[in-house]
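Trainee: So the sequences go chain by chain: A, B, C and D.
Okay, so the first sequence: first residue is 4 according to the numbering used here, each after it adds one.
Okay, so the second sequence: first residue is 4 according to the numbering used here, each after it adds one.
Okay, so the third sequence: first residue is 4 according to the numbering used here, each after it adds one.
Okay, so the fourth sequence: first residue is 4 according to the numbering used here, each after it adds one.
By construction, the Cβ of each residue, glycine as well, lies at the ideal position given by its N, Cα and C atoms.
There are 4 protein chains.
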Amino acid sequence: MESAAAIFASPEVDAVLIATATDTHADLLEHAVAAGKPVLCEKPIDLSLARVNQCAAVIRGTPLPIQIGFVRRFDPGHKAVHDAVRTGDIGELHQVIVTSRDPGLAPEGYLKVSGGILRDMTIHDFDMARFILGEEPVDVFATGSRLVSPALMEGLGDYDTVTVAMTTASGKQAIIINSREAAYGYDQRVEAFGSKGLAVSENRRPHHMTLSGRGFTETAAPLLDFFIERYTEAFEAEITAFAQAVETGQPAVVGFEDGRLALVLAEAAIKSIAERRVVEVTEVA
Amino acid sequence: MESAAAIFASPEVDAVLIATATDTHADLLEHAVAAGKPVLCEKPIDLSLARVNQCAAVIRGTPLPIQIGFVRRFDPGHKAVHDAVRTGDIGELHQVIVTSRDPGLAPEGYLKVSGGILRDMTIHDFDMARFILGEEPVDVFATGSRLVSPALMEGLGDYDTVTVAMTTASGKQAIIINSREAAYGYDQRVEAFGSKGLAVSENRRPHHMTLSGRGFTETAAPLLDFFIERYTEAFEAEITAFAQAVETGQPAVVGFEDGRLALVLAEAAIKSIAERRVVEVTEVA
Amino acid sequence: MESAAAIFASPEVDAVLIATATDTHADLLEHAVAAGKPVLCEKPIDLSLARVNQCAAVIRGTPLPIQIGFVRRFDPGHKAVHDAVRTGDIGELHQVIVTSRDPGLAPEGYLKVSGGILRDMTIHDFDMARFILGEEPVDVFATGSRLVSPALMEGLGDYDTVTVAMTTASGKQAIIINSREAAYGYDQRVEAFGSKGLAVSENRRPHHMTLSGRGFTETAAPLLDFFIERYTEAFEAEITAFAQAVETGQPAVVGFEDGRLALVLAEAAIKSIAERRVVEVTEVA
Amino acid sequence: MESAAAIFASPEVDAVLIATATDTHADLLEHAVAAGKPVLCEKPIDLSLARVNQCAAVIRGTPLPIQIGFVRRFDPGHKAVHDAVRTGDIGELHQVIVTSRDPGLAPEGYLKVSGGILRDMTIHDFDMARFILGEEPVDVFATGSRLVSPALMEGLGDYDTVTVAMTTASGKQAIIINSREAAYGYDQRVEAFGSKGLAVSENRRPHHMTLSGRGFTETAAPLLDFFIERYTEAFEAEITAFAQAVETGQPAVVGFEDGRLALVLAEAAIKSIAERRVVEVTEVA
Numbered sequence: 004m005e006s007a008a009a010i011f012a013s014p015e016v017d018a019v020l021i022a023t024a025t026d027t028h029a030d031l032l033e034h035a036v037a038a039g040k041p042v043l044c045e046k047p048i049d050l051s052l053a054r055v056n057q058c059a060a061v062i063r064g065t066p067l068p069i070q071i072g073f074v075r076r077f078d079p080g081h082k083a084v085h086d087a088v089r090t091g092d093i094g095e096l097h098q099v100i101v102t103s104r105d106p107g108l109a110p111e112g113y114l115k116v117s118g119g120i121l122r123d124m125t126i127h128d129f130d131m132a133r134f135i136l137g138e139e140p141v142d143v144f145a146t147g148s149r150l151v152s153p154a155l156m157e158g159l160g161d162y163d164t165v166t167v168a169m170t171t172a173s174g175k176q177a178i179i180i181n182s183r184e185a186a187y188g189y190d191q192r193v194e195a196f197g198s199k200g201l202a203v204s205e206n207r208r209p210h211h212m213t214l215s216g217r218g219f220t221e222t223a224a225p226l227l228d229f230f231i232e233r234y235t236e237a238f239e240a241e242i243t244a245f246a247q248a249v250e251t252g253q254p255a256v257v258g259f260e261d262g263r264l265a266l267v268l269a270e271a272a273i274k275s276i277a278e279r280r281v282v283e284v285t286e287v288a
Numbered sequence: 004m005e006s007a008a009a010i011f012a013s014p015e016v017d018a019v020l021i022a023t024a025t026d027t028h029a030d031l032l033e034h035a036v037a038a039g040k041p042v043l044c045e046k047p048i049d050l051s052l053a054r055v056n057q058c059a060a061v062i063r064g065t066p067l068p069i070q071i072g073f074v075r076r077f078d079p080g081h082k083a084v085h086d087a088v089r090t091g092d093i094g095e096l097h098q099v100i101v102t103s104r105d106p107g108l109a110p111e112g113y114l115k116v117s118g119g120i121l122r123d124m125t126i127h128d129f130d131m132a133r134f135i136l137g138e139e140p141v142d143v144f145a146t147g148s149r150l151v152s153p154a155l156m157e158g159l160g161d162y163d164t165v166t167v168a169m170t171t172a173s174g175k176q177a178i179i180i181n182s183r184e185a186a187y188g189y190d191q192r193v194e195a196f197g198s199k200g201l202a203v204s205e206n207r208r209p210h211h212m213t214l215s216g217r218g219f220t221e222t223a224a225p226l227l228d229f230f231i232e233r234y235t236e237a238f239e240a241e242i243t244a245f246a247q248a249v250e251t252g253q254p255a256v257v258g259f260e261d262g263r264l265a266l267v268l269a270e271a272a273i274k275s276i277a278e279r280r281v282v283e284v285t286e287v288a
Numbered sequence: 004m005e006s007a008a009a010i011f012a013s014p015e016v017d018a019v020l021i022a023t024a025t026d027t028h029a030d031l032l033e034h035a036v037a038a039g040k041p042v043l044c045e046k047p048i049d050l051s052l053a054r055v056n057q058c059a060a061v062i063r064g065t066p067l068p069i070q071i072g073f074v075r076r077f078d079p080g081h082k083a084v085h086d087a088v089r090t091g092d093i094g095e096l097h098q099v100i101v102t103s104r105d106p107g108l109a110p111e112g113y114l115k116v117s118g119g120i121l122r123d124m125t126i127h128d129f130d131m132a133r134f135i136l137g138e139e140p141v142d143v144f145a146t147g148s149r150l151v152s153p154a155l156m157e158g159l160g161d162y163d164t165v166t167v168a169m170t171t172a173s174g175k176q177a178i179i180i181n182s183r184e185a186a187y188g189y190d191q192r193v194e195a196f197g198s199k200g201l202a203v204s205e206n207r208r209p210h211h212m213t214l215s216g217r218g219f220t221e222t223a224a225p226l227l228d229f230f231i232e233r234y235t236e237a238f239e240a241e242i243t244a245f246a247q248a249v250e251t252g253q254p255a256v257v258g259f260e261d262g263r264l265a266l267v268l269a270e271a272a273i274k275s276i277a278e279r280r281v282v283e284v285t286e287v288a
Numbered sequence: 004m005e006s007a008a009a010i011f012a013s014p015e016v017d018a019v020l021i022a023t024a025t026d027t028h029a030d031l032l033e034h035a036v037a038a039g040k041p042v043l044c045e046k047p048i049d050l051s052l053a054r055v056n057q058c059a060a061v062i063r064g065t066p067l068p069i070q071i072g073f074v075r076r077f078d079p080g081h082k083a084v085h086d087a088v089r090t091g092d093i094g095e096l097h098q099v100i101v102t103s104r105d106p107g108l109a110p111e112g113y114l115k116v117s118g119g120i121l122r123d124m125t126i127h128d129f130d131m132a133r134f135i136l137g138e139e140p141v142d143v144f145a146t147g148s149r150l151v152s153p154a155l156m157e158g159l160g161d162y163d164t165v166t167v168a169m170t171t172a173s174g175k176q177a178i179i180i181n182s183r184e185a186a187y188g189y190d191q192r193v194e195a196f197g198s199k200g201l202a203v204s205e206n207r208r209p210h211h212m213t214l215s216g217r218g219f220t221e222t223a224a225p226l227l228d229f230f231i232e233r234y235t236e237a238f239e240a241e242i243t244a245f246a247q248a249v250e251t252g253q254p255a256v257v258g259f260e261d262g263r264l265a266l267v268l269a270e271a272a273i274k275s276i277a278e279r280r281v282v283e284v285t286e287v288a
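This is the structure we're talking about:
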């Protein structure tokens, strides 16, 4: 960490990208801010909300752009849903549904240090729900099941199949549907329903060849798989947005507080599963 | 009712179809069974679970086919999802998502006597969830919002926007997403996710003309609207199935207990919204 | 035929529907007109253009509605393409592409008396092209191949695979793509391309269940098959239109001359294949 | 050109990419081969078939990989159609339909030196047809219309709207449908129909957000536009294939003769339009 601080201090360093192991994010982020350097930090900021809150206190008031790596906000399709909501194309927003299924269970070693599905995987969907909602959820209900790999999940005290239902103060509903393993590939969809219409960001494929034979028509290309392929343009747009923030000194479009609030929702969901009840966000925030 | 009993008793009556006002269903059903006639009764059997349970006691043990009008089970697309689950095409079932949005708010007069959205509209989705799950939900969490017509819903003590999350004993998850008003039409989708794949019954349109112009491609046909148009084949298949049950004396494919159990889930969901907590199905059954 | 004339003369007969063997159409049509009765006659009017022209002379000037059974004009999707052209939604029309493939080769007995693929099958597509074009083709080029059943086609002097390219006086292009046998079902598509856009009537299926598994997503429902299923609404709309013509005395929306001109195009195409050259429509008309 | 020859001779030059003005292609290609360097040359080799034939004579027998820039062969979707034909997934091939419409008329200056639509634009489709067919067309019929910009086309002696119908010795049919201007964007589709099925490479969009409102559902993303965006992966795969040919010394997957034969078909089509008749390929080859 000392060496990191030394490197960050170098006048040749314009900005810091943190893509190390999760438990080093907060320290590096604090060092970068101390060195006066803008930061693009991979999600999650930390698995511990206490540590994230501490980090928030440390960097409070910094004018530096701090961007958190919620790359999916930059996906052209998901962003188009967001924009359709903001421009009023679908009227007043009523419901958001985020379907997010990974193509396959990560290795046990990864899962052990992941912080659990809610902090590791669903955290993207909490951010997506907030991104589309434009309003904070006030309560969270979550259900966790062990269906993909029951014994492993039992051992880890984790879940592989999750549903989350959240409500905002104005009554908007957000639903997250997760699985650690979808046999048909990386399932990434976002649906926004409002008083005037529906906007849906559908799954994507590398091409659109369809094959028809006796009794069937199939799309011959599988879903884009995995996140590097599915979110290629999003990663490009994310880094471009960060570069613009660095150059203009404007705040990042996805900031530290977004990272913190997604984790707050994850904590609320974890508590909801553990206690089998609706959890007010204020209970954990 | 006496006249109904007299009519039912006529040897010229082979079977009884009950499509009258909801509060007459149970009486007519009992009369028909007393007259030894098979029955196809529109859903719901009654708005009161107590009355339905009483009716169940009255007709207990009857060998007559008693079919409840859950017409959506007969929809070719929804049935194909069901079949994909039963045949193992999607492996072990993990999650069921039923999206069901009406094209527009029913008139106030109708809403007043409807028993509320859960008993009136969601009841179809409770049945669909049970149909796909092949296993009973053991707990129910529901959220109700007033977003389409807040003042009217407030006055009725009802909701126009509902999310329901249910779990079965084995951990299968079922999510129901409802709205009383979708500007784009009658939105009827069913999704089943399992260990080997995904089956989705998509919305349907009267034809498939697409129009492309500068910057857009649109399907020029709106969704099939309303249930008479959307479920035409299903209504035909439903009555055919009933006729076969009458002719063969086999039990109806959607029986009295299906009607009762859907109402049990509706009661659990109503209690969940009222008490803002997860409700065990055994609490209301 | 005398008995037909006698029946047609009956005051209890309001109108005549001719759906008999092709070689009886013209006679029956003449008898019906002689009896003062409106006619809905199945296509083709006759396999011989000379006979059709003779029939035209016989009935010339009749104010009776004479409708020819080009049912596809009444298909909601194809009609929507037509309407998009007429309303200017796609601007000035430039190209029309009609893809029409049967699900399987008809029996040899049928093929022998069918008049050949151009008069029997492509005739529908000639009419569809005229319907969409709103302008008469002035020249026709056609290619016929024997690929589905070469020996049988050789024996019949017929073709099972056909491409037709036609041009109107203003330079609009119409292409017809035919096969007697598409393994994947009844392929019926119409595309209209214009200066402002594209309208496409796509194939239809009985439902829209999609099944996704490892590496594939397929539509689980085959194409609507065969014409009775595919054009159900069209047959209903056709007979309704005829009934309206009968009641109002207005001319039929698809009249005798439409039937005659489609046959003229078929004759031109047959000549084109035989002589391997472009044929002016005036050569055969 | 001398300077080009000098550069090509440098030992630091491993291979030559020719992307200069068309009238320099053949000279540069000859220089590169003389210098012993593999070549990737943009299409067309030359607008004059005589010059191409001369060039062919000059380089005859060279073991060097000479690749012609028919980039569309490398498109994942079009290639998947090709592969479905080669693997027998659609059985015996019967018909190929290539729809290729540019998003807008090129500037007059470009059109003047383009060699006309057949040599400039359709040449890609002639190559695509050959790529899918796996068999040489033996005759060509083409129709050219002036519908997009009649006065300009009249002045240039060119066409903006073209249909081509070709047949192979075994009776396979290939249809090319072209326009210089599609208001809805760059329309690039390939369809292969065979005895066992149909393979279609559909248009592509940058994302798949659909927006539904009262009476409509639209895809909110326009078609990928123009060729740089539409064929990004294809350009990458093309250059990769060339690099592999250079490294392994294997023949290029799209060679000089492919470039020459596409031009032969263009010449046949030009003659067909001029003389309003079917042209045997041997007449121009």
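1. Cβ of residue 225 of chain D less than 9 Å from any chain B Cβ?
2. Against chain B, with Cβ distances strictly below 9 Å, would residue 215 of chain D count as a contact?
3. How would you call residue 103 of chain C, buried or exposed, if buried means at least 16 neighbouring beta carbons within 10 angstroms?
4. Among A/79, A/34 and A/224, which has the Cα closest to the Cα of residue 58 of chain A?
5. Can you tell me whether residue 27 of chain A is helix, strand or coil according to DSSP?
6. Would you identify the three-state DSSP class for residue 206 of chain A, choosing helix, strand or coil?
7. What does the alpha-carbon distance come out to for the pair residue 94 of chain C and residue 88 of chain C?
8. Thinking just about the alpha-carbon of each residue, which of B/14, B/123, B/229 and B/28 is nearest to the one in residue 39 of chain B?
9. Would a check of beta-carbon distances place residue 64 of chain C closer than 9 Å to chain D?
10. Compute the distance between the beta-carbons of residue 273 of chain C and residue 119 of chain C, then report whether it is under 9 Å.
11. Strictly below 7 Å CB to CB, what residues from chain D border residue 218 of chain B?
12. What's the gap between the Cα of residue 156 of chain A and the Cα of residue 253 of chain B?
13. Leaving aside the five residues before and after residue 2 of chain B along the sequence, list all residues of the same chain whose C-beta is less than 7 Å from its C-beta, in chain order.
14. Could you tell me which residues DSSP pairs with residue 181 of chain B in its beta bridges?
15. Identify each residue in the stretch 270–283 of chain C for which the Cβ-Cβ distance to at least one residue of chain D is less than 7 Å, and report them in chain order.
16. Can you say whether residue 112 of chain C is buried or exposed, counting buried as having 16 or more other CB atoms within 10 angstroms of its CB?
17. Does residue 247 of chain C come out as helix, strand or coil in the three-state DSSP assignment?
18. Using CA coordinates, which residue listed in D/247, D/276, D/260 and D/195 is at the minimum distance from residue 52 of chain D?
19. Three-state secondary structure (DSSP) at residue 293 of chain C?
20. Buried or exposed: where does residue 165 of chain A fall if 16 or more other Cβ atoms within 10 Å of its Cβ makes it buried?
21. Rounded C-beta distance between residue 214 of chain B and residue 223 of chain B? I'm assuming under 8 Å.
22. For the stretch 187–205 of chain C, which residues have a CB atom closer than 7 Å to at least one CB atom of chain B, in sequence order?
23. Within the 9 Å Cβ cut-off, does residue 103 of chain B reach chain A?
24. Is the distance from the Cβ of residue 181 of chain C to the Cβ of residue 142 of chain C below 9 Å?
25. Please check if any C-beta of chain C sits within less than 9 Å of the C-beta of residue 126 of chain D.
26. With a cut-off of 9 Å, does the C-beta of residue 211 of chain B fall near any C-beta of chain C?
Mentor: So, from the listed chains and residues:
1. Residue mapping note: residue 225 of chain D aligns to position 222 of the fourth sequence, counting from 1. Yes, its Cβ sits closer than 9 Å to a Cβ of chain B.
2. One-based indexing of the fourth sequence puts residue 215 of chain D at position 212. Under the 9 Å criterion on CB atoms, residue 215 of chain D is classed as interfacial with respect to chain B.
3. As a first step, residue 103 of chain C must be located in the third sequence, where it is residue number 100. Looking at its Cβ environment, which holds 16 or more other Cβ atoms inside 10 Å, residue 103 of chain C is buried.
4. The sequence position of residue 58 of chain A within the first sequence is 55, counting from 1. Comparing Cα positions, the closest option is A/34.
5. Residue mapping note: residue 27 of chain A aligns to position 24 of the first sequence, counting from 1. Three-state result, residue 27 of chain A: helix.
6. Position 203 of the first sequence, counting from 1, holds the residue named residue 206 of chain A. DSSP places residue 206 of chain A in the coil class of the three-state scheme, outside both helix and strand.
7. Along the third sequence, one-based indexing puts residue 94 of chain C at 91. Along the third sequence, one-based indexing puts residue 88 of chain C at 85. Rounded to whole angstroms, the gap between the alpha carbons of residue 94 of chain C and residue 88 of chain C is 7 Å.
8. Taking the first residue of the second sequence as position 1, residue 39 of chain B is located at position 36. Nearest option by C-alpha distance: B/14.
9. Taking the third sequence and counting its residues from 1, one reaches residue 64 of chain C at position 61. Not one chain D Cβ lies under 9 Å of residue 64 of chain C.
10. Numbered from its first residue, the third sequence carries residue 273 of chain C at position 270. Numbered from its first residue, the third sequence carries residue 119 of chain C at position 116. Judged by their CB atoms, residue 273 of chain C and residue 119 of chain C are nearer to each other than the 9 Å cut-off.
11. Locating residue 218 of chain B in the second sequence gives position 215, where the first residue counts as 1. The contacting residues are 225.
12. By 1-based counting over the first sequence, the position of residue 156 of chain A is 153. By 1-based counting over the second sequence, the position of residue 253 of chain B is 250. Note on geometry: alpha-carbon atoms of residue 156 of chain A and residue 253 of chain B lie some 44 Å from one another.
13. Here chain B covers residues 4 to 288 and nothing more, so residue 2 of chain B does not appear.
14. Within the second sequence, residue 181 of chain B is the residue found at index 178, counting from 1. According to DSSP, residue 181 of chain B bridges with B/103 and B/165.
15. Within the stretch 270–283 of chain C, contact with chain D at the beta-carbon level (separation under 7 Å) is assigned to 279, 280 and 281.
16. For the purposes of this step, residue 112 of chain C is identified with residue 109 of the third sequence, where counting begins at 1. Residue burial annotation: residue 112 of chain C is exposed, with fewer than 16 other C-beta atoms found within 10 angstroms of its C-beta.
17. By one-based count along the third sequence, residue 247 of chain C stands at place 244. Three-state DSSP puts residue 247 of chain C in a helix.
18. As a position in the fourth sequence, residue 52 of chain D is number 49, starting the count at 1. Comparing Cα positions, the closest option is D/260.
19. Chain C is shown only over 4 to 288; residue 293 of chain C falls outside these bounds and no answer can be derived.
20. To locate residue 165 of chain A, count along the first sequence from 1; it is residue 162. Answer is buried; the Cβ neighbour count reaches 16.
21. What you label residue 214 of chain B is simply residue 211 of the second sequence in a count that begins at 1. What you label residue 223 of chain B is simply residue 220 of the second sequence in a count that begins at 1. The pair is a contact, with the Cβ atoms about 5 Å apart (cut-off 8 Å).
22. Those residues of the stretch 187–205 of chain C that come within reach of chain B (Cβ to Cβ, closer than 7 Å) are 199, 200, 201, 202, 203, 204 and 205.
23. Mapped onto the second sequence, residue 103 of chain B falls at position 100. Not an interface residue.
24. By 1-based counting over the third sequence, the position of residue 181 of chain C is 178. By 1-based counting over the third sequence, the position of residue 142 of chain C is 139. Not closer than 9 Å, so no.
25. For this step, residue 126 of chain D is matched to residue 123 along the fourth sequence. So no, residue 126 of chain D is outside the interface.
26. Taking the first residue of the second sequence as 1, we reach residue 211 of chain B at position 208. At least one CB of chain C lies nearer than 9 Å to the CB of residue 211 of chain B.
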